[in-house]
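See structure below.
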Amino acid sequence: MKQNNMLAMILAGGRGSRLHDLTNKVAKPAVSYGGKYRIVDFPLSNCANSGVDIVGVLTQYESILLNSYVAAGRRWGLDAKNSGVFVLPPREKADADLDVYRGTADAISQNIDFIDTYDPEYVLILSGDHIYKMDYAEMLAHHKENNADATIAVIGVPIEEASRFGIMNTNETGRIIEFEEKPPVPKSNLASMGIYIFNWKLLRQMLVEDMVNESSHHDFGKDIIPRLLNDGRNLYAYNFKGYWKDVGTIDSLWEANMDLLDDKNELDLGDSAWKIYTEDVTTLPQYVGANASIKRAYITQGCVIDGEVKNSVLFTGAKVGANAKVLDSVLMPNAVVEDGAVINRALIADGVRIGKGAVVGSPDSEHIELVANDVEGVK
Amino acid sequence: MAKAFGIVNTSGNHIWVEGMQDYRPIGAFSFLGRYRVVDFPISNMSNSGIDRIQVFAGSNPRSLIEHLGIGRHYNINSKRGKLQILFADNHSKNDIYNTDIAAFAENMDSIQKMKEEYVVIAPSYMIFTQDFDVLLKEHIDTGADITLLYHSVHDATTNCLNCAYLSLNRQNGVLALAKNRGDEAERDIFMDTYVMKKELFIELINKARRLSSMYTLSQIINIECEELDVRGYKHEGYFAAITNFKSYYDANLSLIKYEDTKDLFDEDWPIFTRTNDSCPTHYFDTAEIKQSVISNGCIIEGTVINSIIGRGCVIKKGTVIKNSLILPNSYIEEGIHVENYVVGKHSKVLHCKELVADAETPGYVRRGDTL
């Protein structure tokens, strides 16, 4: 905490229901990505790399795996003295009944006591389900320079897509003058990334008021940000340039994985100056057999490949048998494609087995096929 | 178990790996791209329930110590267990006085402090897995004073040179230990792995010191064979001794087929190593990979056949790597042919277009070199 007097709160309670069976048993932030990571590794590693050492993770939906995963702060180096990752599911308190988090703002409100323990000057609000690398220390410097009450990270999106986002309209100094949620006719292309820095004293006061406001949705985008603007507070946009992806659907999760196959992919997970840390698994290195062919692929340790892999991402422990083909697809951890099976434009979920000679997905399908159950082989 | 503490011994001055050992002890050699040799004895101990382990550092120990750290990655209980790194003042290479006994004697205080009744000593230049709990039980059941682990090899004329071998009677009693000079193919090679009571171990150290400053632990046991009940215990499964450059190369390449790893690796017997947080490996459109072992964090644009590529290597377009061992963080420029070579860590092959050696005498590019 000493480093910059800023504490981070990661909102990780969402189910991500458009990811269908992938989030049946785990929350969206715990979904696997990029061969060896889980999505929540990104905000956590960003915190560690930015010198933010106290991180609260707000969990709610199917949180057992997520809770134990993030609680091991050592993975991200967040285990020094005065540092830690704290799992914060809804809890019963002496002066309040147990209640689920009613919205993003309410999740923070219910943990005011936790934040107060550290008495930070700034609070950083993050989403647990975005894939990006960002230096929050730089954003904080920007916040201080502008003498802002709140700073919101924004990213330029193609103007024709802007109506799908919360759009910030700024003046020439970067001060936010208007916020429009999914505007039919957008005035700017600066989309909110759901990343906020607040001066804690101000936010605390707003949250206390919001908690008892019956007409509020208890949501940052719908309630807190508009209130601050109405009150004429100093809100600034922090213009982020780089890779950023909110993976809401199977198609977009697949796409985000495929982005890693570009020769000069923007996310650059190999950058040793900004590593993304994750669980350390004990496996063999990758084994490539005599019959294998690998072109344009992103493959991690523990994989065993004896077939053809093209335009695909293989996660820890995935196996591809002889004469099998994995094309334009994603194999999640420990997925097995047996001999002669063919996978096209599909996302094979954790531990799923595709039997010998089975054919899954199609090269010209509109959507990516999610395979969450074993597929029997052809006899 | 916890009836025994563990000692990971150095390789001793009868063994020397040309080129590579100038920079680090054999225990710190990269193995199969992502491991270091010392991961095997320590994981064996940890998996056997031994969680108080003393590792003798040997010469040039920097990389070994960096790799071991406080040993958390070996799954040792961080409060009850302990991974201790011990040093000996005399660590000049190839010195006749530089024996394991000398190192033990210098660290006698640390050895005496261990509370366990037994000690298991294992080497840091051999690759194998062994449940030391089973070995200890056998040792206690037979009532032997010392139990020595051995492996029967059929190619001792070229393999395990300079290692000791055991002469055994039909009850597996050890009659003598002698040096394998390659004169016979069938040998019961001593795996430098001992089980005995801590008290006897200390007695042997003191006795060896009194007799000769040059004595090693295996030599003093050879002398004591007549007096003590010393028995052999036969090891089954994969075994490789890294005693020279060729055997290092061969040991790595012997595990290049996935089917062949089953003898060494077992899901219930994990081999732990230190994570480097590297990202997965990125294969480009021009990549061509056959029968190889690839570590994470690589960028591969070229051809790799029958080779092992260490963590964080870059293999550029049009380059062919064949029957070779590319150690971590090396960079091989476009259009280069590498065959039967070991390319040392952090080296760059940029200008030299052909690195081809004979399969029997593989070539070596020094650590950090630019060619």
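Sequence lines, in order, name chains A and B. Going from the first sequence to this note's numbering is simple: count from 1 and add 503. Going from the second sequence to this note's numbering is simple: count from 1 and add 1091. Even glycine gets a Cβ: it sits at the ideal position worked out from N, Cα and C.
Might you give, ordered along the chain, the residues of its own chain that have their beta carbon closer than 6 Å to the beta carbon of PHE1122 of chain B, omitting 5 neighbours on each side? Same-chain partners within the cutoff: VAL1128.
Report the residue from B:PHE1147, B:ILE1133, B:HIS1105, B:ASN1151 whose alpha carbon sits nearest the alpha carbon of GLN1112 of chain B. The shortest Cα separation from GLN1112 of chain B among B:PHE1147, B:ILE1133, B:HIS1105, B:ASN1151 belongs to B:ASN1151.
Any beta-carbon of chain B closer than 9 Å to the one on ALA793 of chain A? For ALA793 of chain A, the answer is yes, since a Cβ of chain B falls inside 9 Å of its Cβ.
Can you give me the start and stop residues for the alpha helix (DSSP H) that HIS645 of chain A sits inside? Note, HIS645 of chain A: alpha helix (DSSP H), 639 to 648.
Quick check on DSSP: helix, strand or coil for ALA800 of chain A? DSSP, read as helix, strand or coil, puts ALA800 of chain A in strand.
Assess contact between the segment 1190 to 1205 of chain B and the segment 1167 to 1182 of chain B, defined as three or more Cβ pairs (one per stretch) separated by less than 8 Å. Is contact present? Counting Cβ pairs under 8 Å, three or more are found: they touch.
Let me check you understand the geometry: is the CB of ALA653 of chain A closer than 8 Å to at least one non-hydrogen atom of the ligand ZN? The model on display carries no ligand, and the ligand ZN is accordingly not part of it.
For the pair the segment 1131 to 1139 of chain B and the segment 1409 to 1422 of chain B, tell me if three or more CB-CB distances fall below 8 Å. In the pairwise beta carbon analysis, the segment 1131 to 1139 of chain B is classified as not touching the segment 1409 to 1422 of chain B: fewer than three pairs are separated by under 8 Å.
Counting only C-beta atoms, is ILE846 of chain A closer than 9 Å to chain B at any point? Not closer than 9 Å to any Cβ of chain B, the Cβ of ILE846 of chain A fails to qualify, so no.
What's the call for PRO546 of chain A, buried or exposed, on a 16-neighbour Cβ count within 10 Å? In the assembly as shown, PRO546 of chain A is a buried residue. Its beta-carbon has 16 or more other beta-carbons within 10 Å.
Let me know the secondary structure DSSP gives ALA583 of chain A once reduced to three states. DSSP places ALA583 of chain A in the coil class of the three-state scheme, outside both helix and strand.
For THR1284 of chain B, which residues from the same chain have a beta carbon less than 6 Å from its beta carbon, with the 5 sequence-adjacent residues on both sides left out? Cβ neighbours of THR1284 of chain B beyond the five flanking positions: ALA1213, LEU1240.
Out of A:GLY792, A:ARG521, A:VAL839, A:ASN742, state which residue places its alpha-carbon closest to the alpha-carbon of TYR639 of chain A. Looking at A:GLY792, A:ARG521, A:VAL839, A:ASN742, the one whose alpha-carbon comes closest to that of TYR639 of chain A is A:ASN742.
Under a CB-based cut-off of 9 Å, is SER1415 of chain B close to chain A? Judged by the 9 Å Cβ criterion, SER1415 of chain B is not in contact with chain A.
Can the beta-carbon of ASN614 of chain A be found less than 9 Å from the beta-carbon of LEU581 of chain A? Cβ distance not < 9 Å, so ASN614 of chain A and LEU581 of chain A don't count as in contact.
Going along the chain, which residues of the segment 782 to 813 of chain A sit with their C-beta nearer than 7 Å to a C-beta in chain B? Going along the segment 782 to 813 of chain A in chain order, one finds ASP783, THR785, LEU787, PRO788, GLN789, TYR790, VAL791, GLY792, ALA793, ALA795, ILE797, LYS798, ARG799, ALA800, TYR801, ILE802, THR803, GLN804, VAL807 with a Cβ nearer than 7 Å to chain B.
As assigned by DSSP and simplified to three states, the class of ASP1118 of chain B: Sequence inspection shows Gly at residue 1118 of chain B; the Asp mentioned does not correspond to that position. Helix at GLY1118 of chain B.
Are the Cβ atoms of HIS1230 of chain B and THR1220 of chain B separated by less than 9 Å? With respect to THR1220 of chain B, HIS1230 of chain B sits apart: the two C-beta atoms are not nearer than 9 Å.
If you measure from the beta carbon of VAL573 of chain A to each beta carbon in chain B, is any gap under 9 Å? No, VAL573 of chain A does not count as interfacial toward chain B.
I want to see whether chain B comes within less than 9 Å of LYS584 of chain A, judged by CB atoms only; does it? For LYS584 of chain A, the nearest beta carbon of chain B is not closer than 9 Å to its own beta carbon.
Any contact of the segment 1348 to 1363 of chain B with the segment 752 to 763 of chain A, i.e. 3+ C-beta pairs under 8 Å? No contact exists between the segment 1348 to 1363 of chain B and the segment 752 to 763 of chain A.
I'd like to know whether the C-beta of TYR780 of chain A is nearer than 9 Å to at least one C-beta of chain B. Closer than 9 Å to some Cβ of chain B, the Cβ of TYR780 of chain A qualifies, so yes.
Could you confirm whether any beta carbon from chain A is found closer than 9 Å to the beta carbon of ARG1127 of chain B? No Cβ of chain A is located within less than 9 Å of the beta carbon of ARG1127 of chain B.
Cβ neighbours of VAL845 of chain A in the same chain (closer than 6 Å, five flanking residues each side left out): LYS828, VAL862, listed in sequence order.
What are the start and end residues of each continuous beta strand (DSSP E) run of 3 or more residues lying completely inside the segment 760 to 841 of chain A, in chain order? Whole beta strand (DSSP E) segments, 3+ residues: 789 to 791, 796 to 802, 811 to 817, 828 to 830.
Helix, strand or coil at ARG736 of chain A [DSSP, three-state]: Coil.
Using a Cβ-Cβ cut-off of less than 8 Å, give me the residues of the segment 535 to 549 of chain A that come near chain B, in sequence order. Cβ contacts with chain B come from GLY537, GLY538, LYS539.
Using a threshold of 9 Å, state whether the C-beta atoms of GLY805 of chain A and THR786 of chain A are closer than that. Result yes, Cβ atoms of GLY805 of chain A and THR786 of chain A sit closer than 9 Å.
Tell me whether LYS690 of chain A sits in a helix, a strand or coil according to DSSP, three-state version. In the structure shown, LYS690 of chain A sits in coil (DSSP, three-state: anything other than H, G, I, E or B).
Paired residues, beta bridge with PRO1214 of chain B - DSSP: PRO1214 of chain B is bridged to B:ASN1100.
Considering only DSSP beta bridges, list what ASP1279 of chain B is partnered with. For ASP1279 of chain B, DSSP records a beta bridge to B:SER1243.
Nearest to LYS1444 of chain B by CA position, among B:GLY1118, B:ASN1431, B:LEU1462, is which residue? LYS1444 of chain B has its Cα closest to that of B:LEU1462, out of B:GLY1118, B:ASN1431, B:LEU1462.
Name the chain B residues whose beta carbon is nearer than 8 Å to that of GLY820 of chain A? Going along chain B, no residue has its Cβ under 8 Å from GLY820 of chain A, so there is no contact; the nearest lies around 10 Å.
In chain A, what lies closer than 9 Å to VAL1434 of chain B by C-beta? Going along chain A, no residue has its Cβ under 9 Å from VAL1434 of chain B, so there is no contact; the nearest lies around 17 Å.
Cutting at 6 Å between CB atoms, please list the residues of its own chain near LYS1439 of chain B, excluding the five before and the five after it. Listed in chain order, the non-local C-beta contacts of LYS1439 of chain B below 6 Å within the same chain comprise TYR1422, THR1461, local neighbours out to five positions each way being set aside.
Shorter than 9 Å from the beta carbon of GLY1459 of chain B to some beta carbon of chain A? Look at GLY1459 of chain B: its C-beta is not under 9 Å from any C-beta on chain A.
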